[in-house]
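Trainee:
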Amino acid sequence: MLVKDSFSRFGTVEDHPEVLKIYCYDFTLIPRIFSRFIKRPIIVVQPRSAEDVAEIMRICERHEIPIVPRGAGTSAYGGAIPLKSCVVMDFKRMCNFEIRDGELVAQSGAVWIEMERELNRNGEALRVYPTSANVSTVGGWIAQGGYGIGSLRYGSIAENLKWLEIVDFEGIRIVKGEEMRYYVGTFGCLGIITRACIKTRKNEPINCRAVHCSFEEAISMLEGGYHASFKNSKYLSLEGFGAKDVLLICSEKGDGDETGKMMWGRRLIPLRIASKGKRIFPEVVLPHENAVKFYEYAERISEGLEVVFAKDCVVFIAALGNGYRNMLKALKIVKIAEKLGGRVYARGMLFSSGYGKDISDYKKRIDPKNLLNPGKMGWNAFSMSIGLLGKLIWTA
Ligand SMILES: Cc1cc2nc3c(=O)[nH]c(=O)nc-3n(C[C@H](O)[C@H](O)[C@H](O)COP(=O)(O)OP(=O)(O)OC[C@H]3O[C@@H](n4cnc5c(N)ncnc54)[C@H](O)[C@@H]3O)c2cc1C
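Quick note on the numbering used here: the sequence shown kicks off at -14 and runs consecutively.
1. CA-CA distance, Met79 and Ala91?
2. So, with DSSP's three-state summary, where would you put Cys405?
3. Just to confirm, are Thr387 and Ala35 a CB contact at a threshold of 8 Å?
4. Taking only the alpha-carbon atoms, compute the straight-line gap between Ser60 and Gly125 and give it to the nearest angstrom.
5. Return yes when the Cβ of Val72 is within less than 8 Å of the Cβ of Pro26, no when it is not.
6. Identify, in the order they occur along the chain, each residue of the same chain with its Cβ nearer than 8 Å to the Cβ of Phe(-8), setting aside the five sequence neighbours on each side.
7. So that I know if they touch, is there some Cβ in chain B lying closer than 8 Å to that of Phe(-5)?
8. So Asn192 is in the beta strand (DSSP E); what residue range does that whole segment cover?
9. State buried or exposed for Val4, treating a residue as buried only when at least 16 other CB atoms are found within 10 Å of its CB.
10. Compare the C-alpha of Gly333 against each of Arg158, Asn145, Cys174 and Ala228 and name the closest.
11. Would you grab the beta carbon distance between Arg382 and Leu305 for me? Rounded to a whole angstrom, and I think it's under 8 Å.
12. Please name the residue or residues paired with Pro54 in a DSSP beta bridge.
13. What ranges does the alpha helix (DSSP H) occupy inside the region 272 to 320, keeping only unbroken runs of at least 4 residues that lie completely in it?
14. Name, in chain order, the residues that DSSP records as bridge partners for Arg328.
15. Under the three-state reduction of DSSP, which class applies to Ser117: helix, strand or coil?
16. What separation, rounded to the nearest whole angstrom, lies between the Cα atoms of Arg350 and Gly227?
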């Protein structure tokens, strides 16, 4: 009751046990034996401004209550899953954005598709956005860090930010340039993102072609593209579509065709196969030069493969079945990617131990009590098990 009273002036506060249960999960598939490591939040608060966020953080710091920020909960890396009894900060009510002199400034709870529609009405468009754009939020995608539609031309979200407004225990401030690396892809462990200034492009029409070709041939067709993704025949048949490997190549100039147009139209309904039963989707990032080598390996052991080409790397999404054997396969995929100079796509709760010294030192300084999304930087029960299994696979 005392906790609820402290937060009640910040708009909506939820503490109904059934509602709190929803906030225990995101899109991550959790094996039953691990579910006991997930903690139910004490309360969910929905702040309306950066000032609210700063005040909530002051209360949490005073009472040493951990904080877990949350957007739409679509990440599959468990970043928004509470590993300690905590306050969940849900950004649903901070969803405003404005377009000012060609600049898009959005609150962290703004949904990507809503911004894209408004930009389009103004002759502008987002440069990059995730395929979960229909529901996912600005703060969530930046905190997960990632590639998406448009990354072939414009790179990751990190390259498409002008500045971020951050709240930490020292207050509210704007960060720019190199300093933004502390907040992009660090899952809210170093500060809460409350606003972002996002780069846009002129809304040139996107023309798409579908080309049936091998993966190696696909790589030679990327020049000048805005977006490109490749699906192998196994992936396509899981989706229930044609069964020939296909490259979707889209550009702001150039020609399109009917199949390309149809595939582009489906870009925001990805992972259709996930709705046909539980699956694991390991995601890894490879340098361009080792993509073919990795493809040959991943193609053999996965049930389907989708590849998204970005400016500086190639993102692989492998479809595997459910269960422990497939989890081991997923880990093997990560290990092979690492051997070829790649890395797991995002860290979150599952791969939380792999941050560099610079980031870890900053965490100790800015959050000495480890209240910001605890367990998502350093080891936790999940990442420890994954680390151990990874070692076993490697020595086997
Ligand atoms: C169908 C589907 C398609 C997807 N496509 C893509 C894709 O194309 N590219 C891609 O990269 N990912 C993709 N994802 C993964 C995920 O949807 C994205 O990363 C998404 O943008 C996460 O946003 P969210 O609002 O759901 O964040 P959440 O899942 O709620 O949160 C993600 C992380 O960010 C933290 N966080 C949330 N808000 C804040 C904040 N304001 N400040 C600090 N930290 C915060 C959370 O604690 C958590 O650690 C996809 C997922 C699905 C289910």
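For each residue, glycine too, the CB sits at the ideal point set by N, CA and C.
Mentor: If we stick to the structure as given:
1. 9 Å
2. With the chain covering -14 to 381 only, the question about residue 405 has no answer from this structure.
3. Here the chain covers residues -14 to 381 and nothing more, so residue 387 does not appear.
4. 8 Å
5. yes
6. Val(-2), Ile28, Val30, Ile41, Ile44 and Val72
7. Among the chains in the structure shown there is no chain B, since it carries only a single protein chain.
8. Asn192 to Val196
9. exposed
10. Cys174
11. For residue 382 there is no data in the structure shown, the boundaries of the chain being -14 and 381.
12. Met74
13. 276 to 286
14. Val270
15. coil
16. 53 Å
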